[in-house]
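Novice:
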Amino acid sequence: MASDSNSAAENGVSEKPSLGAKLKQELREWGATLAVFVPVFLLFSGLAYEQRVIPSESMVPTLQVTDRVAVAKFAYGYDRYSLPFSMGRFIPLPPGRIFASQPKRGDVVVFEHPHTGRVMIKRLIGLPGDQVQLIGEQLFLNGEPVETEYERTVRFVPHRGVAIEASHEWRETIGDKSWSTYRQEKGGRGDNTDLFIVPEGHVFMMGDNRDNSLDSRFPSGHCPAIDGVIDRAGCQPRVPAVEASIGFVPMDHLIGRAETVLVSFHKCKLQDDEPCRKRVWKGL
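Quick note on our numbering: the sequence shown kicks off at 26 and runs consecutively.
Below, the structure written as structure tokens:
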């Protein structure tokens with residue numbers, strides 16, 4: 026047996042590695058790959074772009090459920106909320122934002138909910154000092170009606186719904202930005218609001234799907250949380266913080282600007298042969 030073994034070595038024939046040796050080699054290679062890839066991924070998603078998946082219909086028709094959106098992290102500068110996976114909430118970083126820049130009205134913004142820490146996406150309507158109000162569905166900004174134009178009425182089946190609903194599609198324009206909104210019949214609780222004056226260091230957000238968005242129009246989020254419950258004189262009803270609207274959103278809660286729908290798995294369900302709009306590589 027020894028002579029056979031020596032003969033194999035002399036002929037340059039190596040023994041076949043065991044399953045355990047193969048597994049160790051694979052693990053070492055995977056470990057080396059991850060050691061390089063993970064830091065690069067975290068750096069890229071923390072400083073440049075990250076992907077977010079739209080979970081609700083609050084931004085219909087601009088964004089649909091399952092849309093994969095590219096978010097520019099550098100758009101407004103960086104602070105603790107810019108870190109991937111919301112890690113900034115658990116790291117004692119100093120307050121403030123570096124390379125800060127002012128957002129613009131009409132931007133589609135990703136941010137953390139001021140009361141719950143959930144990641145949200147809405148359209149920025151009001152900047153610090155702006156006066157915002159809705160009267161009979163019409164949006165007023167600093168006392169002037171926002172330019173609005175009727176586009177069409179569509180019937181569709183909502184996400185996870187079975188019954189057909191109808192919405193009126195209106196195009197709004199502020200400055201050089203224009204977008205479509207969905208509105209149902211007048212009389213919804215968000216069609217008429219108080220006059221909001223956006224405080225310094227905050228912004229006013231709204232969803233494009235005006236009858237399906239718990240946004241800055243609703244008073245519950247403008248009240249402070251006490252022991253996890255929103256409560257203040259004049260703020261009724263008393264609701265848990267997790268059910269509150271976003272209120273005014275602090276600037277330091279902004280994560281980035283949504284710029285492009287990369288891909289969508291949304292199945293268009295418009296009725297009456299209405300055309301479905303482009304959902305892939307769609308700029309916002």
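Glycine included, every Cβ here is placed at the ideal spot set by N, Cα and C.
Let's see if you can read the secondary structure: which residues bound the beta strand (DSSP E) around E3?
Specialist: The structure shown has nothing for residue 3, since the chain only spans 26 to 309.
Novice: In chain order, what residues of the same chain have a beta carbon less than 6 Å from the beta carbon of V175, not counting five sequence neighbours either side?
Specialist: For clarity, residue 175 is Tyr in the given sequence; the question names Val instead. So the qualifying residues of the chain are W195.
Novice: Can you tell me which of G131, V182, V305 puts its alpha carbon nearest to the alpha carbon of E299?
Specialist: Per the Cα distances, V182.
Novice: Which residues mark the beginning and the end of the beta strand (DSSP E) in which H227 is found?
Specialist: It spans 227 to 231 - the beta strand (DSSP E) in which H227 sits, taken as one unbroken run.
Novice: What three-state label does DSSP hand A269 in the structure shown?
Specialist: Three-state DSSP puts A269 in coil, outside helix and strand.
Novice: Given this structure, state the Cα-to-Cα distance separating L166 from R242, to the nearest angstrom.
Specialist: Taking the straight line from one Cα to the other gives about 13 Å.
Novice: Use the C-beta contact count for E215: other C-beta atoms within 10 angstroms, 16 or more gives buried, fewer gives exposed.
Specialist: Here residue 215 turns out to be Gly, not Glu, going by the sequence shown. G215 is buried by the Cβ-count criterion.
Novice: Report yes if the C-beta distance between R148 and V133 is below 8 Å; otherwise report no.
Specialist: Yes, Cβ-Cβ distance for R148 and V133 is below 8 Å.
Novice: List the DSSP bridge partners of Y207.
Specialist: Y207 is bridged to E194, N234.
Novice: Starting from T173 and walking both ways along the beta strand (DSSP E), at which residues does that stretch end?
Specialist: Segment 172 to 181, the beta strand (DSSP E) holding T173.
Novice: Does the contact criterion of 3 or more C-beta pairs under 8 Å hold for the region 216 to 225 versus the region 125 to 143?
Specialist: Output reads no: the region 125 to 143 does not touch the region 216 to 225.
Novice: I'd like the list of long-range same chain contacts for G281, defined as Cβ closer than 6 Å, with 5 residues on each side in sequence excluded.
Specialist: The residues are V96, A97, K98, A100, V135.
Novice: So what's P80 in DSSP terms, helix, strand or just coil?
Specialist: Three-state DSSP puts P80 in coil, outside helix and strand.
Novice: Please report the straight-line C-alpha distance between V85 and S238, rounded to a whole angstrom.
Specialist: Spanning the two alpha carbons is a distance of roughly 10 Å.
Novice: Indicate whether V157 and F229 have their beta-carbon atoms separated by less than 8 Å.
Specialist: Yes, Cβ-Cβ distance for V157 and F229 is below 8 Å.
Novice: With the cut-off set at 8 Å, would you say D236 and G213 are in Cβ contact?
Specialist: Yes, the pair counts as a contact, with Cβ atoms nearer than the cut-off.
Novice: Between Q209 and P80, what straight-line distance do the alpha-carbon atoms span, to the nearest angstrom?
Specialist: About 21 Å.
Novice: Got a sec? Which residues, its chain only, sit under 6 Å from W306 by beta carbon, not counting five neighbours each side?
Specialist: Closer than 6 Å at the Cβ level, and outside the excluded window around W306, lies no residue.
Novice: First and last residue of the beta strand (DSSP E) that includes I123?
Specialist: Unbroken run through I123: none, as it is neither H nor E.
Novice: Please tell me whether D233 and S270 are closer than 8 Å, where the distance is taken between their beta carbons.
Specialist: Contact: no.
Novice: So, using beta-carbon positions, are R177 and I189 closer together than 8 Å?
Specialist: No; because the gap between Cβ atoms is not below 8 Å, this pair is not in contact.
Novice: In terms of residue numbering, what span does the beta strand (DSSP E) encompassing Q127 cover?
Specialist: Taken as a continuous stretch (DSSP letters only), Q127 belongs to no beta strand (DSSP E), as it is neither H nor E.
Novice: Can you say whether C248 is buried or exposed, counting buried as having 16 or more other CB atoms within 10 angstroms of its CB?
Specialist: Classification of C248: buried, given that the 10 Å Cβ count is 16 or more.
Novice: In chain order, what residues of the same chain lie with their CB nearer than 6 Å to the CB of R185, ignoring the 5 residues before and after it?
Specialist: Taken in chain order, the list of residues that qualify is empty.
Novice: Between the C-alpha atoms of M276 and H227, what's the straight-line distance to the nearest angstrom?
Specialist: Distance between the alpha carbons of M276 and H227: 5 Å.
Novice: I need the boundaries of the beta strand (DSSP E) containing F136, first residue and last residue.
Specialist: It spans 133 to 137 - the beta strand (DSSP E) in which F136 sits, taken as one unbroken run.
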